[in-house]
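Numbering (my numbering), first residue to last: 186 to 464.
So the structure is just underneath, and the comments pick up after that.
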Ligand SMILES: C[S@@+](CC[C@H](N)C(=O)[O-])C[C@H]1O[C@@H](n2cnc3c(N)ncnc32)[C@H](O)[C@@H]1O
């Protein structure tokens, strides 16, 4: 059953005509669905700070190999999942709350002829529609800021992982008690924001039986990413044909500006956490 929080999260991300918007962007970029490549879509199908560069850094630490069965929790449009399948040869499953993201993600996957490597399904991270002990690894990128019950999130993830399975998290976390500036990419206001501190994640992981391996801040990477973004914005009159503005909606500039300000004023920072279940 969908909770009120889940409904408002799905509403926040639903654009209503995302596929059409992407198709227009593809046309503007002088491409077609037959010629489009995975890299062309990366600027819009990786909805987290740092895009493809961040994904490469994050997934590169997970020890993924060919044929591993990997779960992307809150997969969005499935961009990171497709990257993971291409880069490591893993078999990917993605779960996301937002129906429109899943439907659009399936279409993008079929344009890239990757249907046999990836399956995307609508569902909640708090009630994963998946069998016990079925994955070698799971990861989550910029999703926990929408999930208040981090303990349940970690228990569900532990349930679907095999013994010795690893769990990687790349989320934005709170670094002070000062209220955030809104809107941000994951929430319009504080009512729909469930951002937590790194300590909250570490406690939830430990309680679910995970052994913590590493925790690291990506604040400097984030500031550098935003520096380059501002530079690009100052030279180009309008955003590129294919970019995250298509996914974030009309107030994307305000959301990103607030996000940067929240980092600069030490209210939030992106963190990577890696944990493992015992063998
Ligand atoms: C900022 S987007 C990140 C998407 C994707 N991980 C990426 O990096 O491209 C956050 C995603 O988390 C999903 N999400 C939020 N709460 C969720 C939940 N309880 N279960 C599954 N997905 C959830 C949203 O629908 C949205 O697609």
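The C-beta atom is built at its ideal place from N, Cα and C for all residues, glycine as well.
Item, Value
"Leaving out five residues on either side along the sequence, give the residues of the same chain with a beta carbon under 6 Å from the beta carbon of residue 345.", "313, 315, 319, 320"
"In angstroms with no decimal places, state the Cα-to-Cα distance between residue 446 and residue 317.", "41 Å"
"What residue does the beta strand (DSSP E) around residue 323 start on, and which one ends it?", "320 to 326"
"Could you give the first and the last residue of the continuous beta strand (DSSP E) run that contains residue 353?", "346 to 359"
"Three or more C-beta pairs closer than 8 Å, one from the stretch 368 to 375 and one from the stretch 336 to 343: is that the case here?", "no"
"If you follow the alpha helix (DSSP H) that residue 293 is part of, which residue opens it and which one closes it?", "284 to 296"
"Pick out whichever of 212, 273, 220 has its Cα sitting closest to the Cα of residue 240.", "273"
"Counting beta carbon pairs with one atom in the stretch 187 to 201 and one in the stretch 276 to 295, are three or more of them shorter than 8 Å?", "yes"
"Which term fits residue 474, buried or exposed, when burial requires 16 or more other beta carbons within 10 angstroms of its beta carbon?", "What is shown of the chain runs 186 to 464, which leaves residue 474 out entirely."
"Smallest Cα separation from residue 295: which of 436, 233, 221?", "221"
"So what's residue 276 in DSSP terms, helix, strand or just coil?", "strand"
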